[in-house]
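Worksheet for the structure shown next.
Number of protein chains: 2
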Amino acid sequence: MSVFTTVAIDEITPFLHRYSLGQLVELKGISAGVTNTNYFVTTTHGKYVLTLFETLRADELPFYVNLMVHLAQHGIAVAAPIANLQHQYIDELNGKPTLLVPCLPGSVAESPTVEQCAQVGEMLAQMHLAAASYPAKMPNPRGPHWWTTIAPTLYSLMNPQDADLLAAEVALQTQHQHDTLPTGVIHADLFRDNALMNGEHVGGFIDFYYACTDVLLYDLAITLNDWCVLEDGEIDDERALAMLKAYQSVRPLNPAEIQAWPTLLRAAALRFWVSRLLDFYQPAAGEMTFAKDPSHFQRVISRHAQRRNFWI
Amino acid sequence: MSVFTTVAIDEITPFLHRYSLGQLVELKGISAGVTNTNYFVTTTHGKYVLTLFETLRADELPFYVNLMVHLAQHGIAVAAPIANLQHQYIDELNGKPTLLVPCLPGSVAESPTVEQCAQVGEMLAQMHLAAASYPAKMPNPRGPHWWTTIAPTLYSLMNPQDADLLAAEVALQTQHQHDTLPTGVIHADLFRDNALMNGEHVGGFIDFYYACTDVLLYDLAITLNDWCVLEDGEIDDERALAMLKAYQSVRPLNPAEIQAWPTLLRAAALRFWVSRLLDFYQPAAGEMTFAKDPSHFQRVISRHAQRRNFWI
Chain A
1 MSVFTTVAID EITPFLHRYS LGQLVELKGI SAGVTNTNYF VTTTHGKYVL TLFETLRADE
61 LPFYVNLMVH LAQHGIAVAA PIANLQHQYI DELNGKPTLL VPCLPGSVAE SPTVEQCAQV
121 GEMLAQMHLA AASYPAKMPN PRGPHWWTTI APTLYSLMNP QDADLLAAEV ALQTQHQHDT
181 LPTGVIHADL FRDNALMNGE HVGGFIDFYY ACTDVLLYDL AITLNDWCVL EDGEIDDERA
241 LAMLKAYQSV RPLNPAEIQA WPTLLRAAAL RFWVSRLLDF YQPAAGEMTF AKDPSHFQRV
301 ISRHAQRRNF WI
Chain B
1 MSVFTTVAID EITPFLHRYS LGQLVELKGI SAGVTNTNYF VTTTHGKYVL TLFETLRADE
61 LPFYVNLMVH LAQHGIAVAA PIANLQHQYI DELNGKPTLL VPCLPGSVAE SPTVEQCAQV
121 GEMLAQMHLA AASYPAKMPN PRGPHWWTTI APTLYSLMNP QDADLLAAEV ALQTQHQHDT
181 LPTGVIHADL FRDNALMNGE HVGGFIDFYY ACTDVLLYDL AITLNDWCVL EDGEIDDERA
241 LAMLKAYQSV RPLNPAEIQA WPTLLRAAAL RFWVSRLLDF YQPAAGEMTF AKDPSHFQRV
301 ISRHAQRRNF WI
């Protein structure tokens with residue numbers, strides 16, 4: 001499904017000669033992922049993941065790749081990019097920019113445990129601290145400016161009641177500025193399928209290609225909205241409490257963050273409601289298969305709107 | 001034995017707060033090593049090795065530490081130094097410069113197999129290639145200038161016959177210049193106890209504190225002299241052949257290297273004969289216990305001198 005660019009044995013072999021990773025043992029396409037082509041590359045030294053970037057250009061990659069390098073250097077559970085013999089992380093294969101990283105231990109936790117949610121919250125906080133010394137910055141391409149621009153293009157496509165709710169939600173967020181909250185590098189897309197769990201522990205956070213500079217607590221809101229959610233959009237109190245407590249054991253929230261938390265939870269849901277609506281009503285060519293149910297995040301927002309206890 | 005500087009729980013805990021590695025689970029001194037203090041530090045994130053440098057100063061460490069960072073970035077099996085929240089690899093504890101690295105898989109192979117020797121040869125060649133893009137340089141502090149200076153201080157302490165042999169060996173090396181051979185960063189001390197073997201594979205090369213810029217093939221000579229040696233100083237043909245073949249599968253030797261190889265094998269043995277003689281006759285305070293038998297490398301040289309087939 002997600003091998004958009006095919007790589008043959010006689011193409012990977014000379015490619016691997018540009019690295020210090022031994023001889024090819026096996027090459028195998030990975031079916032997960034909707035944007036890039038990924039292969040498992042097993043060599044005499046170990047098992048690696050090769051990504052061929054299908055949309056990002058080589059000159060757009062350094063922010064993300066150097067961030068992964070930086071976080072790995074701090075012991076954060078991420079795949080550390082591997083440099084080629086020219087000491088470049090980004091190489092090229094079959095006309096696409098590439099990245100090679102070690103294969104991380106673990107698998108996606110579709111129904112995470114309370115302890116897994118705690119470990120993810122703790123690692124996320126550690127990631128926020130470790131990223132404080134990362135020098136590069138990247139505006140959030142999916143922030144308030146984006147959804148405020150995109151949402152009105154969707155109203156006429158939606159049923160009027162949902163469109164009113166979306167417009168109201170955008171208006172609500174417009175009333176809140178979060179300029180005074182701690183900012184830094186955030187993952188911005190830390191859903192369950194972007195983490196490999198090795199038992200209770202975080203094997204690795206993956207897919208940093210939405211990472212950007214934004215409000216740190218917004219990252220926790222995105223994460224909690226997915227990891228702690230029930231099928232009906234309600235949040236599981238036990239998992240949410242565990243995640244928040246573990247996050248705060250590393251980076252305690254300040255009073256302004258505690259005050260902003262309920263709004264940020266709704267902002268985090270709004271961002272994905274809008275992007276899923278966009279995918280649903282205006283799918284990019286060939287992506288139709290992957291469109292996810294937009295109404296899920298509408299329900300998440302609705303539950304947050306009714307909530308009185310936000311686990312802090 | 002090798003915990004020279006004691007670290008207590010209430011000292012490591014605030015130290016760990018300067019990193020992104022989770023909470024302390026266990027702290028345990030490591031008995032191996034003769035120069036530095038090493039501890040296993042287990043946290044909620046994983047198992048690490050903490051080194052407190054007992055002789056090297058913080059300002060002497062960057063060449064070695066950045067080299068480890070560089071090699072790890074290339075996928076070479078070395079422990080990747082972990083940066084603290086100030087993005088510094090070198091920190092300080094109890095007045096000593098420190099380094100934290102992940103615990104590598106594997107253990108020391110005292111009686112390496114043929115396949116292990118091949119894997120070490122292959123990884124060493126990969127290391128030489130990967131280090132070519134490492135920008136820093138470091139003269140070899142234990143090169144010809146060193147042994148030519150030190151050897152004469154030992155003659156009067158040795159029995160006259162051995163002293164004559166040593167003088168002859170130093171004279172022999174003086175007749176050979178290796179200025180035209182490929183140079184680069186070498187480990188320079190890749191004995192069996194400086195590699196962790198994970199089954200047949202290299203779990204990691206360790207102890208890079210003799211690394212320097214020198215003739216690449218000299219590094220292979222040092223390595224082969226230890227990994228492929230029998231108790232009587234003879235070299236095991238099968239292991240030596242496997243190591244050389246694997247090394248050359250990655251970095252083929254040029255004609256000048258092939259010609260220099262027998263002399264380099266003797267130079268590599270001479271360097272350790274002299275340093276062991278020095279440790280034996282002029283031990284540094286407190287190191288007496290660790291003095292190794294100098295005559296071992298005298299026998300290695302003697303065997304090399306008689307050899308007609310050097311496995312290339």
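Residue numbers (full-length UniProt numbering), protein chains in the order written: chain A, 1 to 312; chain B, 1 to 312.
In this text, a Cβ means the ideal position worked out from N, Cα and C, and glycines have one as well.
Give the secondary structure of phenylalanine 191(B) by DSSP, where H, G and I count as helix, E and B as strand, and everything else as coil. coil
Express the C-alpha separation of threonine 6(B) and phenylalanine 297(B) in angstroms, rounding to a whole number. 35 angstroms
Counting only the same chain and skipping the five closest in sequence on each side, list residues whose C-beta sits under 8 angstroms from that of leucine 27(A). Val7, Ile9, Ile12, Tyr39, Phe40, Val41, Thr42
In chain B, which residues lie less than 9 angstroms from histidine 85(A) when you measure between Cβ atoms? This sequence places leucine at residue 85(A); histidine is not what is there. Those are His74, Leu129, Ala130, Ala132, Ser133, listed as they occur along chain B.
Run down chain B in chain order and give the residues with a C-beta less than 8 angstroms from the C-beta of isoleucine 82(A). Result: Gln73, His74, Gly75.
Members of the segment 25-41 of chain B that neighbour chain A once the beta carbon cut-off is set at 9 angstroms: none
In the DSSP output, which residue or residues are listed as bridge partners for lysine 28(B)? Paired residues: Phe40(B).
Buried or exposed, going by whether 16 or more other CB atoms sit within 10 Å of the CB of serine 31(B)? exposed
Tell me where the alpha helix (DSSP H) around residue 323(B) begins and ends. For residue 323(B) there is no data in the structure shown, the boundaries of chain B being 1 and 312.
Count the other C-beta atoms from every protein chain shown that fall within 10 angstroms of the C-beta of phenylalanine 15(A), then say buried if there are 16 or more, exposed otherwise. buried
Proximal residues of chain B, C-beta to C-beta of tyrosine 19(A) below 8 angstroms: His74, Gly75
Within 8 angstroms, strictly: CB atoms of threonine 98(A) and threonine 35(A): No, the Cβ-Cβ distance between threonine 98(A) and threonine 35(A) is not below 8 angstroms.
Tell me whether the beta-carbon of serine 20(B) lies closer than 8 angstroms to the beta-carbon of leucine 129(A). If you check the CB distance, serine 20(B) and leucine 129(A) come in under 8 angstroms.
Using a Cβ distance threshold of 8 angstroms, determine whether the segment 174-191 of chain A contacts the segment 82-89 of chain A, with at least three qualifying pairs required. no
How far does the beta strand (DSSP E) with isoleucine 186(A) in it reach, from first residue to last? 183-186
Classify methionine 288(B): buried if its beta carbon has 16 or more other beta carbons within 10 angstroms, exposed otherwise. Note that methionine 288(B) scores 47 on pLDDT, short of 50, meaning its location in the model is unreliable; the coordinates nonetheless yield the value given after this. It counts as exposed.
Please identify the residue among His70(B), Ala125(B), His187(B) whose C-alpha is closest to the C-alpha of tyrosine 247(B). Ala125(B)
Own chain partners of asparagine 194(A) with C-beta closer than 8 angstroms, once the 5 adjacent residues on each side are dropped: Excluding five sequence positions before and after asparagine 194(A), the CB atoms of its chain that fall closer than 8 angstroms to its own CB belong to His187, Phe205, Ile206, Asp207, given in chain order.
Would you decide whether histidine 70(B) is buried or exposed? Buried here means 16 or more other CB atoms lie within 10 Å of its CB. buried
So, under 8 angstroms CB-CB, proline 262(A) and histidine 304(A) are touching, yes? Tell me the CB distance rounded to an integer number of Å. 7 angstroms
Please go through the same chain and pick out, in chain order, the residues whose beta-carbon is closer than 7 angstroms to the beta-carbon of isoleucine 301(A), but skip the five residues on each side of it. Excluding positions up to five away in sequence, the list reads Glu169, Arg266, Ala269, Leu270, Trp273.
Counting only C-beta atoms, is histidine 45(A) closer than 8 angstroms to chain B at any point? yes
Cβ-based burial, histidine 201(A) [other Cβ within 10 Å; buried from 16]: Classification of histidine 201(A): buried, given that the 10 Å Cβ count is 16 or more.
As assigned by DSSP and simplified to three states, the class of proline 144(B): Here proline 144(B) sits in helix by DSSP.
Once you ignore the five residues that flank threonine 183(A) on each side, which residues in its own chain have a CB closer than 8 angstroms to its CB? The answer, listed in chain order, is Thr213, Asp214, Val215, Leu216.
Where does aspartate 293(A) land, buried or exposed, given buried means 16+ other C-beta within 10 angstroms? exposed
Kindly confirm or deny that the segment 226-244 of chain A and the segment 104-114 of chain A touch, where touching means at least three C-beta pairs closer than 8 angstroms. yes
Tell me, to the nearest whole angstrom, how far the beta carbon of leucine 241(A) is from that of tyrosine 134(A); I am working on the premise that it is less than 8 angstroms. The C-beta separation of leucine 241(A) from tyrosine 134(A) comes to about 30 angstroms, leaving the pair out of contact by the 8 angstroms criterion.
Looking at C-alpha atoms only, which residue of Thr44(B), Ala221(B), Thr148(B) is the closest neighbour of histidine 17(B)? Closest by alpha carbon: Thr44(B).
For a quick check, are the C-beta atoms of leucine 220(B) and isoleucine 312(B) less than 8 angstroms apart? no
By how many angstroms is the C-alpha of leucine 264(B) removed from the C-alpha of threonine 223(B)? Going by the C-alpha atoms only, they are around 12 angstroms apart.
In three-state DSSP terms, what is lysine 292(B)? coil
So which of Asp189(A), Tyr281(A), Thr55(A) has the shortest CA-CA distance to methionine 158(A)? Tyr281(A)
Between which two residues does the beta strand (DSSP E) containing threonine 98(A) stretch? 96-102
Less than 6 angstroms between C-beta atoms, sequence neighbours within five positions excluded: which residues of the same chain meet that for methionine 138(A)? Cβ contact annotation for methionine 138(A) (same chain, cutoff 6 angstroms, sequence separation greater than five): Phe63, Cys212, Thr213, in chain order.
Quick test of your reading: leucine 196(B) and glycine 75(B), contact by CB under 8 angstroms. State the CB separation rounded to the nearest angstrom. Not a contact, Cβ separation roughly 16 angstroms.
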